[in-house]
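Read the structure below first, then the notes.
Chains as they are written, first to last, in our numbering: chain A, 33 to 322; chain B, 320 to 589.
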């Protein structure tokens, strides 16, 4: 079962991080794909861009942004979006993703993924902006569910219900971060399985996995540890609904050796089939990259 | 659309406030968007946390993110000030110069300017020069210009040497300092305390194979390289370097300087 956009299942990938640049270039590890943080490569002609170009020659690369502020009430930054589009073309990214959140307002960027109230007003606003972004990028925008630590009283629907309507009304894809679902479910007290079941399976384009930290009164999406068993369980449930999708491990704090990160990512293969070389999925992946 | 902009402005005002979350919710910057009574009801409690405690999660992470970004761009400044003072510096800095870009790479653009205006972080004149060097290193790191390959040394001295012109590396940046910013940065990276007395120094920065290199220059070398980078012929550049109070470069010094400039890839034949 593929996604409705016909995007390829890229297999199991790893987030491209500075500490691993040397290893990735010199050892060329057998990784299905990489994900690059968009903003880290937009305004540099130096080593980061050079490394990304070399990586994109060898592997499929998807772009994952943190500053689009799709829920923000400042005007969309069209200059930024055009740069994202150019970078996506440069690395032949099959899709570009960002988060359902706002990152700042009044010209300021907090560089955080701040939560939105889930109601009709926000839905209309985000749908309008997501459509505009897709127009500029000339491809459907893919949005990730963020982890969150606060909920607005003015929300009139669950995050999953909001996402389901947003994805349909704006014709977007979803990057389903299973760890974020789990973190938010504990922080807000909802059923994570019901959340997954409420999402339209054919709009899920990619999965994220990561570790989190128990801070006592809440869970923090720290990306600093191995994926917890509960999250693997949710991933297994989700992938059974959607079929295999590109799956990526994020590790951003206390980053271990590349081999450790990659081995953690490959645990996903317990729950989804590997990309068989020469299979239809692999051919699709390679065609998207060609 | 009425409620969403108000909620976003309020939430941001609380998150970026340097005081406690209670103080933040009561601050004018927040109450102009949401009264305190409204604020307490805007966020739902969880089983384990009150509404403002939940906002405090975001508020607590904001300065840490700013600190991490500025440490990455100003490791020398951070090492000189130490953990606690640097964190105070970050809080003071982002109040005046908050991030207005989609990238963290622009967050530290105003650090030298901030150090020129504040007296809270002595010795400010020294730190400003250190920050100016670190900012220049960051700029050279990100430049769009392509690195040149290995430089071909200029031809041996010939009869037309006075009229010869040279091209400089596209990533070359020349900086003059009133303090020994370069040696100070070296000392700080080695975990040592640098001298902070005024001492004029001159530096060439450039990027080679995607790594930034620093070359400490004499004043005369600095002027010579500066003149050559503007396209002046060698003879005029040498005479210019000797003027403005500089000492004339001896033939041996010129030879040594050229050898260094070419081996570093700074100069090439036009």
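By construction, the Cβ of each residue, glycine as well, lies at the ideal position given by its N, Cα and C atoms.
Predicted model, so just to flag it, every value in this text is computed and none were measured.
- Apart from sequence neighbours up to five positions away, the residues of its chain that approach residue 73 of chain A with a beta-carbon distance below 7 Å are 80, 81, 84 and 119, ordered along the chain.
- Using a CB distance cut-off of 8 Å, residue 367 of chain B counts as an interface residue toward chain A.
- Closer than 9 Å at the C-beta level to chain B, one finds these residues of the region 73-102 of chain A: 74, 75, 76, 77, 78, 79, 80, 81, 82, 83, 97, 98, 99, 100 and 101.
- According to the DSSP assignment, residue 453 of chain B belongs to the alpha helix (DSSP H) that extends over 443-461.
- For residue 461 of chain B, the chain A residues whose Cβ falls inside 7 Å of its Cβ are 75, 76, 77 and 78, in order along the chain.
- In this structure, the alpha-carbon of residue 33 of chain A lies about 18 Å from that of residue 300 of chain A.
- Close to chain B, meaning a Cβ-Cβ distance shorter than 7 Å, are the following residues of the region 179-191 of chain A: 181, 182, 183, 184, 185 and 186.
- Segment contact: the region 86-94 of chain A against the region 434-445 of chain B, fewer than three CB-CB distances shorter than 8 Å; contact not assigned.
- Against chain B, the beta carbon of residue 310 of chain A has no neighbour under 8 Å; the closest one sits roughly 36 Å away.
- Of the residues B:385, B:393, B:332 and B:413, the one whose Cα lies closest to the Cα of residue 458 of chain B is B:393.
- Taking C-beta atoms as the reference points, residue 235 of chain A and residue 199 of chain A count as a pair closer than 8 Å.
- Closer than 9 Å at the C-beta level to chain A, one finds these residues of the region 401-432 of chain B: 417, 418, 419, 420, 421, 422, 423, 424, 425 and 426.
- Assignment of beta strand (DSSP E) within the region 105-156 of chain A, counting only whole runs of 3 or more residues, yields 128-131 in chain order.
- Residue 482 of chain B sits in a helix when the DSSP states are folded into three classes.
- Exclusion of the five residues before and after residue 64 of chain A leaves 42, 43, 44, 45 and 307 as the residues of its chain whose Cβ lies within less than 7 Å of its Cβ.
- Using a Cβ-Cβ cut-off of 8 Å, residue 221 of chain A counts as an interface residue toward chain B, since at least one Cβ of chain B sits closer than that to its own.
- Residue 499 of chain B sits in coil when the DSSP states are folded into three classes, being neither helix nor strand.
- In this structure, the alpha-carbon of residue 433 of chain B lies about 23 Å from that of residue 505 of chain B.
- At least one C-beta of chain A is nearer than 8 Å to the C-beta of residue 363 of chain B.
- Taking 8 Å as the CB threshold, residue 141 of chain A lines the interface with chain B.
- In the DSSP assignment, residue 205 of chain A falls within the beta strand (DSSP E) that extends over 205-209.
- For the region 505-548 of chain B, the continuous beta strand (DSSP E) assignments of 3+ residues that do not extend past its boundaries occur at 517-527 and 530-536, in sequence order.
- Residue range 322-335 is occupied by the alpha helix (DSSP H) that includes residue 325 of chain B.
- For residue 69 of chain A, the secondary structure class from DSSP, reduced to helix, strand or coil, is strand.
- Using a 10 angstroms sphere on the CB of residue 51 of chain A, the tally of other CB atoms stays under 16, which defines it as exposed.
- Of all residues in the region 107-140 of chain A, only 109, 112, 134, 136, 137, 138, 139 and 140 come within less than 7 Å of chain B when Cβ atoms are compared, listed by chain position.
- Ranked by Cα distance from residue 408 of chain B, the first of B:382, B:554, B:425 and B:370 is B:382.
- Bounds of any beta strand (DSSP E) do not take in residue 293 of chain A; it lies within the alpha helix (DSSP H) bounded by 290-298.
- In chain order, 142, 144 and 146 make up the part of chain A whose C-beta sits under 8 Å from the C-beta of residue 334 of chain B.
- Residue 76 of chain A carries a coil assignment under DSSP once its states are collapsed to helix, strand and coil.
- Residue 251 of chain A is bridged by DSSP to A:246.
- Check the Cα spacing between residue 137 of chain A and each of B:570, B:334 and B:493: the tightest is with B:334.
- Taking C-beta separations shorter than 6 Å and ignoring five residues to either side along the sequence, the partners of residue 174 of chain A in its chain run 127, 129, 205, 207 and 237, following chain order.
- Beta bridge pairing from DSSP links residue 238 of chain A with A:207 and A:278.
- A straight-line Cα-Cα distance of about 42 Å links residue 508 of chain B and residue 368 of chain B.
- For residue 47 of chain A, the enclosing beta strand (DSSP E) starts and ends at 44-47.
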